[in-house]
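Only one structure is covered here, and it is reproduced in the block below.
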Amino acid sequence: MNSLDLLQQADKRLVDLVSTLSVSNLDAPSPCSGWSVRSLLSHTVATIDAFAAALDGQGGPTEQELFSGADILGSAPLTVVEKS
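Just so it is clear: in the sequence shown, position 4 is 4 by my numbering, and no numbers are missing.
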């Protein structure tokens with residue numbers, strides 16, 4: 001399996017997982033102290049977007065934006081994850 005196959009497999013797993021989450025799941029604490037599932041997932045999506053921007057030669061989020069845990073999922077987390 002090559003690197004692209006692994007990335008596509010990981011992307012599918014993330015989309016499948018997010019499709020099972022409810023609002024109460026998103027607001028639950030994550031295993032990372034001080035981070036909810038929503039903030040951790042927002043961080044994950046921001047990281048994916050940062051890597052994509054770097055590959056495209058574009059600027060990505062700042063370090064503060066990347067590690068703030070700010071909600072970038074809004075009311076449609078699955079849609080945001082599918083677009084990342």
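Just so you know, even glycine gets a beta-carbon here, dropped at the ideal spot from N, CA and C. For clarity, every value in this text was computed on a predicted model and none was experimentally measured.
Cβ neighbours of residue i in the same chain (closer than 7 Å, five flanking residues each side left out)
i   : result
A53 : G59 and G60
S84 : V45, I48 and D49
Beta-carbon proximity list for residue i, same chain, < 8 Å, skipping 5 on both sides
i   : result
V18 : L41, P77, L78 and V81
P29 : W35, S36 and V37
E65 : A46
Where the alpha helix (DSSP H) through residue i begins and ends
i    : result
Q58  : Where Q58 is concerned, there is no enclosing alpha helix (DSSP H), given that its DSSP letter is neither H nor E.
A105 : Outside the modelled stretch of the chain, which goes from 1 to 84, sits residue 105, for which no answer is possible.
L78  : P77 to K83
L66  : E63 to F67
Distance between beta carbons of residue j and residue i, contact taken as under 8 Å
i   : j   : result
S33 : L26 : Not a contact, Cβ separation roughly 17 Å.
G69 : S22 : That belief does not hold up - the Cβ atoms of G69 and S22 are roughly 20 Å apart, past 8 Å.
Residues near residue i by beta carbon distance below 6 Å, same chain, minus five either side
i   : result
S24 : none
Per DSSP, cross-strand counterpart(s) of residue i
i   : result
S36 : P29
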